[in-house]
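Student: Encoded as structure tokens, here's the structure I'll be asking about.
Numbering (our numbering), first residue to last: 1 to 258.
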């Protein structure tokens, strides 16, 4: 399926689940939408925390079409959205065009789903894709660097990787700095504040087998944890695992980085 076809399917309400493993050769992005008055502070937050919030694109106030998606609409082309008020998740919506306003500024943030196709091409198995599940995501005790009202814990995504392929997985993902890059932690989850690996804060746990090591990458769900911690008055985001899929090919991204 081409990204344009997927976006149409999402917009029509046919695809309503996560986008992990979908359109694997194309860049996927997280979404954060804020009132204009908070946009500078959030942009500064992303610059101070590039590992968890690598910027792909910032849209002008009121704009909703990404340059990376022909005829795209970030208000309707994501399977599920979260609405936060005063740091609380107050609603989940399949589209946000009916609550859109001209003072809203949209940020597209790199997503680790982008490098998954390269891991698979490198013969590194990804169980959540094999089992058609969302990736497991956890809130950690790693603190982000504050900018204005924005501060709080880093969220990470976890993938169990065969021991013999851990170094290879780290090297492949390091090629994608705008998609969270190399892992922030490898091994014992307790070292980054995860007390029960079987209970992710977002997504689905797929088990860690003998001979496998859990690997953790910074995650674009971090702004949602920040919204809860900092009690942001108003923010719209993607639902964890439900991404904006662009027309930008992974290979084009890699070529631009050289």
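The C-beta atom is built at its ideal place from N, Cα and C for all residues, glycine as well. Please read all numbers here as calculations on a predicted model, not as lab measurements.
1. Look up residue 177 in the DSSP assignment and say whether it is helix, strand or coil.
2. Which one of 149, 112, 93, 14 has the shortest CA to CA distance from residue 183?
3. When we look at the beta-carbon of residue 215 and count the other beta-carbons within 10 Å, is it buried (16 or more) or exposed?
4. Please return the same chain residues whose Cβ sits closer than 8 Å to the Cβ of residue 170, not counting the five positions on each side in sequence.
5. Which residue marks the beginning of the alpha helix (DSSP H) containing residue 224, and which one marks its end?
6. Roughly how many whole angstroms lie between the Cα atoms of residue 91 and residue 75?
7. Which stretch, first to last residue, makes up the beta strand (DSSP E) that contains residue 256?
8. With a Cβ-Cβ cutoff of 8 Å, do residue 192 and residue 140 count as a contact?
9. Determine contact between the stretch 118-132 and the stretch 193-200, defined as no fewer than three beta-carbon pairs at a distance below 8 Å.
10. By Cβ distance, which residues of its chain are closer than 7 Å to residue 249, with the 5 residues on each side in sequence left out?
11. Only counting the same chain, and skipping five residues up and downstream in sequence, which positions put a Cβ closer than 7 Å to that of residue 218?
12. I'd like to check one pair, residue 12 with residue 245: are the Cβ atoms closer than 8 Å?
13. With a cut-off of 8 Å on the beta carbons, I'd call residue 109 and residue 242 a contact; round off their distance for me.
14. Apart from the five residues on each side of it in sequence, which residues of its chain come closer than 8 Å, Cβ to Cβ, to residue 129?
15. Report all residues from its chain with a CB closer than 8 Å to the CB of residue 43; omit the five preceding and five following residues, and keep chain order.
16. Helix, strand or coil for residue 47 per DSSP?
17. Can you name, in chain order, every residue of its own chain whose Cβ lies under 6 Å from the Cβ of residue 93, other than the five neighbours on each side?
18. Between the alpha carbons of residue 208 and residue 177, how many angstroms are there, rounded?
19. For the putative contact between residue 138 and residue 227, defined by C-beta atoms under 8 Å, what is the C-beta separation to the nearest angstrom?
20. Which residue's Cα is closest to the Cα of residue 239: 254, 230, 222?
21. Does DSSP put residue 57 in a helix, a strand or coil?
22. Can you list the beta strand (DSSP E) stretches of 3 or more residues lying completely in the stretch 96-122, in chain order?
23. Let me know the secondary structure DSSP gives residue 8 once reduced to three states.
Tutor: According to the data block:
1. Looking at residue 177 - three-state DSSP - the assignment turns out to be helix.
2. Checking every option, the nearest Cα to that of residue 183 belongs to 112.
3. Answer is buried; the Cβ neighbour count reaches 16.
4. These residues qualify, in order along the chain: 182, 183, 186, 215.
5. First-last of the alpha helix (DSSP H) with residue 224: 222-230.
6. Straight across, the Cα-Cα distance linking residue 91 with residue 75 is about 15 Å.
7. Per DSSP, residue 256 belongs to no beta strand (DSSP E); it is in the alpha helix (DSSP H), 250-256.
8. Remark: C-beta atoms of residue 192 and residue 140 approach each other more closely than 8 Å.
9. The answer is no - the stretch 193-200 does not touch the stretch 118-132, with fewer than three Cβ pairs under 8 Å.
10. Here residue 249 has 25, 26 as same chain residues with Cβ atoms under 7 Å from its own Cβ, once five neighbours each way along the sequence are excluded.
11. Within the same chain, Cβ atoms closer than 7 Å to the Cβ of residue 218 are found at 51, 52, 154, 156, 180, 184, the five residues on either side in sequence being excluded.
12. No, Cβ-Cβ distance for residue 245 and residue 12 is not below 8 Å.
13. With 8 Å as the limit, residue 109 and residue 242 do not qualify as a contact, their Cβ atoms being about 14 Å apart.
14. Answer for residue 129: 20, 21, 116, 120, listed in chain order.
15. So the qualifying residues of the chain are 55, 58, 107.
16. Residue 47 sits in a helix when the DSSP states are folded into three classes.
17. Non-local beta-carbon contacts of residue 93 in its own chain, meaning distances under 6 Å to residues more than five positions away in sequence, involve 81 in chain order.
18. Each residue's alpha carbon lies about 26 Å from the other.
19. About 17 Å separates the beta carbons of residue 138 and residue 227, which is beyond the 8 Å limit, so they are not a contact pair.
20. That would be 222, whose Cα lies nearest to the Cα of residue 239.
21. Strand at residue 57.
22. Counting only runs of 3 or more, we get 104-110.
23. Look at residue 8 here: in three-state DSSP terms it is helix.
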